[in-house]
């Protein structure tokens with residue numbers, strides 16, 4: 194009898210411990226689960242246009258990297274990088290738009306903001322803000338570097354893609370004619386974005 198009582202006590206203790214653990218885990222899972230479903234469940238999916246050459250990403254912050262071959266007369270290929278810095282990382286939409294616009298200088302000294310075309314569209318339920326601006330590309334050669342590009346007749350096409358996981362950033366930069374050659378495929382690339 195006492196053995197049976199002891200067994201029942203042990204079983205009840207185990208059941209209560211398991212229930213307590215499960216309840217605790219359930220609470221955290223619910224909290225983390227809502228964060229996961231709101232910020233990390235799924236990935237950005239897209240179609241790579243024909244003619245783009247996939248390159249190995251140069252850093253872990255680069256989700257993907259492509260070379261867009263130059264047109265005749267241009268000295269360099271264009272390049273496109275898709276970035277993801279993490280949930281809540283990488284700055285706001287407006288910060289990135291301003292930074293991209295300020296990476297281009299105008300030969301007449303006017304503000305690139307006056308020349309930039311900034312648009313917002315919805316793609317498969319995702320808000321996408323795009324930038325299109327031409328001029329002399331003067332961005333830093335690497336983050337924190339005091340060396341800058343000085344590439345005239347360049348064009349920058351870029352986009353912030355807002356997803357439940359966080360913002361992705363696509364940046365296409367290259368000689369103006371070459372970027373023009375790939376403009377339609379860049380638009381198709383943006384319109385293929387889905388988060389699932």
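In our numbering, the protein residues as written are 194 to 389. Here a beta-carbon is modelled for each residue, glycine too, at the ideal position from N, C-alpha and C. Please read all numbers here as calculations on a predicted model, not as lab measurements.
8 Å Cβ shell around residue i - same chain, five flanking residues per side excluded
{"i": "residue 152", "result": "Residue 152 lies beyond the stretch modelled for the chain, which goes from 194 to 389, so this question has no answer here."}
{"i": "residue 326", "result": "293, 294, 297, 305, 308, 309, 310, 348, 349"}
{"i": "residue 279", "result": "359"}
{"i": "residue 283", "result": "276, 277, 289, 359, 360, 362"}
{"i": "residue 263", "result": "269, 270, 271, 367, 368, 371"}
{"i": "residue 190", "result": "Residue 190 falls outside the range modelled here, since the chain spans only 194 to 389, and no answer is possible."}
{"i": "residue 236", "result": "358, 388, 389"}
{"i": "residue 256", "result": "237, 250, 275, 276, 277, 361"}
{"i": "residue 220", "result": "Note that residue 220 scores 31 on pLDDT, short of 50, meaning its location in the model is unreliable and no value can be drawn from it."}
{"i": "residue 234", "result": "357, 358"}
Beta-bridge partners of residue i, as assigned by DSSP
{"i": "residue 333", "result": "341"}
{"i": "residue 465", "result": "There is no way to answer for residue 465, as the model of the chain reaches only from 194 to 389."}
{"i": "residue 325", "result": "310, 350"}
{"i": "residue 254", "result": "DSSP, once it has assigned bridges, lists no residue as partnering residue 254."}
{"i": "residue 298", "result": "329"}
{"i": "residue 316", "result": "319"}
{"i": "residue 371", "result": "In DSSP, residue 371 forms no bridge with anything."}
{"i": "residue 389", "result": "Note: residue 389 sits in no beta bridge, so no partner."}
{"i": "residue 393", "result": "For residue 393 there is no data in the structure shown, the boundaries of the chain being 194 and 389."}
{"i": "residue 355", "result": "320, 360"}
Alpha helix (DSSP H) segment containing residue i, residue limits
{"i": "residue 306", "result": "305-308"}
Beta strand (DSSP E) segment containing residue i, residue limits
{"i": "residue 364", "result": "359-368"}
{"i": "residue 241", "result": "It is not in any beta strand (DSSP E) - residue 241 carries neither H nor E in the DSSP assignment."}
{"i": "residue 272", "result": "271-277"}
{"i": "residue 236", "result": "Looking at the DSSP string, residue 236 is not in any beta strand (DSSP E), and its letter there is neither H nor E."}
{"i": "residue 248", "result": "246-248"}
Residue burial classification, residue i (beta-carbon count within 10 angstroms, cutoff 16)
{"i": "residue 360", "result": "buried"}
{"i": "residue 367", "result": "buried"}
{"i": "residue 289", "result": "buried"}
{"i": "residue 240", "result": "exposed"}
{"i": "residue 354", "result": "buried"}
{"i": "residue 243", "result": "exposed"}
{"i": "residue 271", "result": "buried"}
{"i": "residue 371", "result": "buried"}
{"i": "residue 303", "result": "exposed"}
{"i": "residue 261", "result": "buried"}
Close-in-space but distant-in-sequence residues of the same chain around residue i (CB under 7 Å, 5 per side omitted)
{"i": "residue 344", "result": "329, 330"}
{"i": "residue 210", "result": "Interpretation of residue 210 is limited by its pLDDT of 38, a score under 50 that renders its predicted location unreliable; the figure taken from the coordinates is listed afterwards. None."}
{"i": "residue 356", "result": "237, 319, 388"}
Close Cβ partners of residue i (< 6 Å) along its chain, the five nearest in sequence each way excluded
{"i": "residue 250", "result": "258"}
{"i": "residue 387", "result": "238, 317"}
{"i": "residue 323", "result": "312, 352"}
{"i": "residue 286", "result": "322, 353"}
{"i": "residue 378", "result": "242"}
{"i": "residue 364", "result": "274, 351"}
{"i": "residue 385", "result": "239, 240"}
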